[in-house]
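For what it's worth, the working numbering labels the leading residue of the sequence shown as 13, then goes sequentially.
Notes follow once the structure below has been shown.
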Amino acid sequence: MKNIIRILAAAILTVSLSGCADFLGEKITTQYDGSAMISSESALESAMMGIHRQMASSGFKGGAFCEWLAPASGLAHWGNTSALDNPLERWSCGLKFTRFSKHPEAYDSFKNFYRTIYLCNHFLDIIEDSPVDKSYTDEIKGETYFLRAMAHFYLVRLYGDCSLHIEAPLTSAEVYTHRENFWTVYCQIVKDLNVAEDMMRDWNRMVAVAGGNSSGRVCNYTATACRSLVYLTIGSLLAHPDDNFWVNRTPDFSEIGINSAEDAFRLALADAENVIVNGPFELCPDYRQLFRWTNPEDWQLKERIWAMPRSPEAGDANSALTMWALPNYYNGTSDVPTFGRCRPDRWFYQKWCEAFGGTKGTGDKNSTIYTGSMDPRMDANIAHTSYKGKGGTPYNLYPTNNRIHQTTASMVKYYGAPYYKKYYDPTYDNSVGNADFYVMRMAEVYLIAAEATAYLHYTSANAFGKTAMDYVNVVRLRARNSTDGGSEAPALEPADLTAADFTDKEELINTIFWERCFEMPFEHHEYFDTHRMGAKWIVENIAKPKNVFLYLPEQEDFEQDGTPYDGFRTIYYGRSFKYDEDWNDVRKGLISAYPHDELVYNTCLDETKSDPNYGQNPPEVYWR
C-alpha cells in the first residue's frame with residue numbers, strides 16, 4: 013500500500029510539476045517508478061541538483077526577485093522604455109508593496125515555490141528505499157529539508173499566512189489546503205533547518221562531492237546562517253507588533269523557544285556568531301571580486317554561503333540579470349536602451365553618496381544632488397556618471413548636464429537615472445550571462461549579528477564580547493580596502509562606527525539597516541528588510557524623507573514636449589505618485605496580494621477573501 017501511495021503521489025506531482033520532468037525523468041503516467049532517482053550516489057546528486065534548479069525557478073531565475081521585489085521596497089525603480097503606457101509597468105512605483113494579484117509572474121513564482129516543496133516531500137518519501145549507504149542518503153535528506161524550509165521562508169515573508177506542506181500530497185485534493193498561521197509556518201521552518209544542520213555535509217565534503225557544481229550547493233553552516241536570518245525576521249516582527257501586517261492576533265512561537273523579540277534576537281546572534289567563529293566562510297578581501305564572472309574560481313569564493321547555480325559548471329546561463337541591470341545590452345544588437353529596467357532609486361543613491369563623503373552638485377538643476385560617494389562599494393554596484401554601451405558609445409546617466417530628466421520625446425529616455433551594474437558580465441553577448449545570484453553571503457551574517465546585538469545590547473558588548481559596531485566595522489574595513497587591487501591606499505570611507513555616532517538604540521539600528529542596503533543592493537534583500545521593519549518605520553525612514561527630496565523645486569519634471577509637469581514623476585520618464593505617509597495603509601501592503609488564480613482554484617482559501625485582518629486582497633481589487 014505504501015508503494016501504491018508513493019506512485020500516486022509521484023503521478024500527481026508529475027502532472028502538476030511538468031517543468032520538473034526533465035531532471036526527475038518522470039513520465040506523465042500513473043505507472044511511475046522513482047527508483048532510478050535513488051539507485052546510486054550519482055542519481056541522488058542529479059536529483060538534488062534538479063531540486064536546486066526548481067528552487068531557482070521560484071523567483072531567482074533571471075533575477076525575478078530583483079526585478080519585482082527591489083522596486084517594491086521603496087529603494088529602487090522599475091522602468092521599461094518599450095512599454096510606457098503598459099499598466100503592468102506601473103505596479104512597482106514607490107511604496108506599493110504588493111505585486112499585481114493577476115500578474116502571471118506572481119502566480120508563477122508562487123507555484124514554483126510550492127513545486128520545490130512538493131519535490132522535496134516526494135524525494136524525502138522515496139529516498140527511504142534507496143540502496144545507497146544511509147550516511148550518504150542522510151546528507152541528501154538534510155539538503156532537502158533545507159530547501160523545503162527556505163521555500164516556505166520565502167512564501168511566509170511574501171504572503172503571511174500560507175499553506176504548509178510537510179508531506180507529499182496523496183490525492184489531487186490534498187494539493188489545495190487552507191493557510192496556516194504565519195507563526196506555525198515559521199516554527200516548521202526552524203524545525204526543518206534544525207534537521208538540515210544536523211544532517212548536511214560540511215564545507216569540505218560538499219566541495220569534494222559536488223565538485224564543479226558546488227556553487228549552487230549548500231553545507232551544514234548554510235542552514236545555521238539562514239536560520240539566523242529566520243530568527244532575526246521573527247524578532248523584527250515581534251519588535252514592531254503595532255505596525256506590522258498582523259493585527260488583533262497573538263503569534264505564538266513558543267514551540268521553538270521564542271516568547272519575546274529578545275528571545276529571537278538572542279537565537280539569531282548565537283547562530284550568526286557560530287558561523288563567524290566556527291563556520292567555513294570568510295569575507296572576500298576585495299569586494300569587487302564578488303561580482304566578477306570571468307574565472308572558474310570566482311564561483312568558489314568562500315563568502316558565498318548560498319548562491320543560485322548560474323555558472324557554466326552548473327550547466328546554466330543567465331542573461332536576464334545582465335539585461336535587467338544595465339542600461340542596454342552589453343555588446344548587444346542595438347544601441348537603443350531597452351533594458352536596465354530595475355534601477356536604484358535616486359533618493360537611495362543620493363543617500364548613499366551623502367552618507368560617505370559625496371559631493372554636492374552645482375547649478376540650479378543639480379544644487380541639491382549628491383554624487384561621487386567615497387565608498388568603493390558604490391562603483392562596484394552602480395553605474396552613475398556614465399555608461400559605455402555597444403561600440404563604446406558613452407551615455408550620460410545621473411545627474412546629466414544641467415538637467416535631471418528628459419525634456420523632449422527625442423531625448424534618450426534613461427537620462428537622469430543611475431543603474432545597477434553588479435551583475436555586469438564581460439562575457440555577455442546578448443544571449444548568455446554567467447552571473448550567479450547571491451542568496452546569502454558572509455557579510456550578511458556579520459550584519460545579522462550587528463542588528464541582533466543592537467537590539468539586545470545597545471551600549472555594551474554582547475555575550476561574545478562584541479558590540480554591534482564591531483560587526484559593522486568588519487564589513488566596512490573590507491569595503492575600504494577594496495580599491496584598485498591593493499595598488500591604491502585604502503579608501504577613507506566608509507569610516508568605522510563609534511559610540512559617538514549614535515544618540516539612541518533606534519539610530520544605531522537604522523544605521524545597520526542602511527549598511528545592509530549599501531553592502532547588498534540588488535541582492536533581493538531590500539524588500540524583505542523594509543517590510544520586516546514595520547509600517548511606521550517605513551513611513552518615517554523612507555516615505556517622509558523621500559517625499560521631501562522628490563518635491564524639491566529643482567526636481568521639476570517635464571512633459572515629453574518640454575512643458576513643465578505639475579507634480580513629480582517617480583519613474584524617470586513616467587508616472588506620478590506621491591509616497592503614502594499613512595502608516596495604516598502602508599501596513600496593509602506589508603504582505604503581497606495572494607495570487608488571483610490561487611483564490612479561484614483553491615476553494616480552501618475562501619476565508620482569505622473576507623478576513624479583515626489581512627487587507628491582502630480587497631474585494632474586486634486585484635491590481636495593487
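From the three backbone atoms N, C-alpha and C, an ideal C-beta is built for every residue, glycine too.
In this text the structure is predicted, and so the values were computed from the model without any measurement.
Looking only at DSSP bridge pairs, what is residue i linked to?
i    : result
C132 : Answer by DSSP bridge pairing: none, since C132 is not bridged.
Y458 : Answer by DSSP bridge pairing: none, since Y458 is not bridged.
T383 : T371
F449 : M320
I394 : Y432
A88  : P356
E552 : E552 is not bridged to any residue.
E192 : C174
Less than 7 Å between the beta carbons of residue i and residue j, yes or no?
i    : j    : result
F360 : S385 : no
F125 : S70  : yes
Y432 : F534 : yes
R599 : S248 : no
Y613 : A84  : no
A11  : V457 : Outside the shown range of the chain (13 to 636) lies residue 11, about which nothing can therefore be said.
R160 : I129 : yes
F476 : F72  : no
L611 : F257 : no
E531 : V487 : yes
L56  : I178 : no
A466 : I550 : no
A280 : A395 : no
Y119 : E53  : no
W215 : P292 : yes
To the nearest whole angstrom, what separates the beta carbons of residue i and residue j, a pair I think is in contact under 8 Å?
i    : j    : result
M212 : E155 : 6 Å
R9   : H537 : Summary: the structure shown does not reach residue 9, with the chain confined to residues 13 through 636, and so no result is reported for it.
C132 : I63  : 6 Å
C231 : M162 : The pair is not a contact, with the Cβ atoms about 14 Å apart (cut-off 8 Å).
T510 : M481 : 7 Å
Y299 : P388 : 6 Å
A392 : K434 : 6 Å
P640 : W195 : The first residue shown for the chain is 13 and the last is 636, placing residue 640 beyond what the model contains.
Taking 6 Å as the line, does the beta carbon of residue i fall inside it for any heavy atom of the ligand GTP?
i    : result
R169 : Looking at this structure, you won't find the ligand GTP or any other ligand, since it has none at all.
Roughly how many angstroms separate the alpha carbons of residue i and residue j, rounded to a whole number?
i    : j    : result
D513 : G46  : 60 Å
R358 : M320 : 29 Å
S121 : P607 : 10 Å
R229 : I381 : 43 Å
R492 : V187 : 51 Å
L617 : G370 : 51 Å
I270 : P143 : 40 Å
H164 : R316 : 22 Å
R217 : G223 : 10 Å
A88  : C354 : 7 Å
A235 : S184 : 32 Å
R191 : L176 : 7 Å
N596 : V259 : 11 Å
N290 : S51  : 35 Å
R453 : W318 : 7 Å
P557 : F158 : 39 Å
I554 : T523 : 13 Å
D541 : F525 : 8 Å
W80  : C199 : 27 Å
K517 : F265 : 25 Å
A507 : A461 : 19 Å
F303 : S240 : 25 Å
G172 : K203 : 18 Å
T245 : A276 : 8 Å
L468 : V219 : 36 Å
K478 : I138 : 46 Å
R261 : D210 : 33 Å
I288 : T615 : 46 Å
D254 : Q362 : 31 Å
V197 : A68  : 21 Å
So that I know if they touch, is there some Cβ in chain B lying closer than 7 Å to that of residue i?
i    : result
A251 : Among the chains in the structure shown there is no chain B, since it carries only a single protein chain.
Task: Those runs of the alpha helix (DSSP H) which lie wholly inside the segment 243 to 291 and span at least 4 residues - done: Runs of the alpha helix (DSSP H) inside the segment 243 to 291: 273 to 290.
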